[in-house]
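S.K.: Encoded as structure tokens, here's the structure I'll be asking about.
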Amino acid sequence: MSTPTVAYASHLVVRTSDIVNGAVTSPKIRDGAVKTPDLGLGSVTSAKVKNNSLTGADIKEGTLGPVPLALRAGNVLFAAVNSDGGLVKNQGATSSSRPATGNYLVGFNRDITNCVYIATPGDDVGFLSIPVVTYASRNGTNNVRVEFFRSSDNTAINRPFYLGVFC
Numbered sequence: 374m375s376t377p378t379v380a381y382a383s384h385l386v387v388r389t390s391d392i393v394n395g396a397v398t399s400p401k402i403r404d405g406a407v408k409t410p411d412l413g414l415g416s417v418t419s420a421k422v423k424n425n426s427l428t429g430a431d432i433k434e435g436t437l438g439p440v441p442l443a444l445r446a447g448n449v450l451f452a453a454v455n456s457d458g459g460l461v462k463n464q465g466a467t468s469s470s471r472p473a474t475g476n477y478l479v480g481f482n483r484d485i486t487n488c489v490y491i492a493t494p495g496d497d498v499g500f501l502s503i504p505v506v507t508y509a510s511r512n513g514t515n516n517v518r519v520e521f522f523r524s525s526d527n528t529a530i531n532r533p534f535y536l537g538v539f540c
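The working numbering puts the first residue of the sequence shown at 374, with every later residue one more than the last.
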């Protein structure tokens, strides 16, 4: 009876008994010797792929299913603050206060040094009719200061607002 063999495109002939007994190991297989047709359907699973060995270039995007939305992404922080300085709703905000008229301080749960900040007057209950000038700037490593001034005379004015922090 003859010994079963496997022939690869590289003209290497291997006895199946050598594979079973561990005589053929990955250092003995030349780079590029094993091609897609040599692999059985479903023979390569995520458990068999070395961590961090694949990149985006290795994946055919068309074969992927829908990717879930990042509704709670860690790089998007926000706060809704009322005119008294109270935190109404948030993602990643830990505090808010109004230390002076038209001057608000919002704290976040992470370093926001390399982020951008966008503040706009507004709330969920109505229209704000007085035009204002809005400033947002970082204060320390995890705070944003928001200031409102009446556009007609540049006096400080209290306003509810939304603040977005994008990192």
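From the three backbone atoms N, C-alpha and C, an ideal C-beta is built for every residue, glycine too.
#1: Look up Gly-465 in the DSSP assignment and give the residues it is bridged to.
#2: Tell me Pro-494's beta-bridge partners as DSSP assigns them.
#3: For Tyr-490, which of Gly-429, Asn-527, Leu-536, Leu-427 has the nearest alpha-carbon?
#4: For Thr-507, list the residues DSSP reports as bridge partners.
#5: From Gly-459 to Lys-421, what does the alpha carbon distance come to, in whole angstroms?
#6: Can you tell me whether Ser-419 is helix, strand or coil according to DSSP?
M.R.: Let me lay it out:
#1: For the purposes of this step, residue 465 is taken as the residue at position 92 of the sequence shown. Paired residue(s): Phe-451.
#2: Residue numbering aside, residue 494 sits at position 121 when the sequence shown is read from its first letter. Bridge partners of Pro-494: Phe-534.
#3: Residue mapping note: residue 490 aligns to position 117 of the sequence shown, counting from 1. Measuring from the Cα of Tyr-490, the nearest candidate turns out to be Leu-536.
#4: Taking the first residue of the sequence shown as 1, we reach residue 507 at position 134. Answer is Phe-521.
#5: Position 86 of the sequence shown, counted from the start, is the residue given in the question as residue 459. Position 48 of the sequence shown, counted from the start, is the residue given in the question as residue 421. Straight-line Cα distance between these residues: approximately 52 Å.
#6: Here residue 419 refers to the residue found at position 46 of the sequence shown. Reduced to three states, the DSSP call for Ser-419 is helix.
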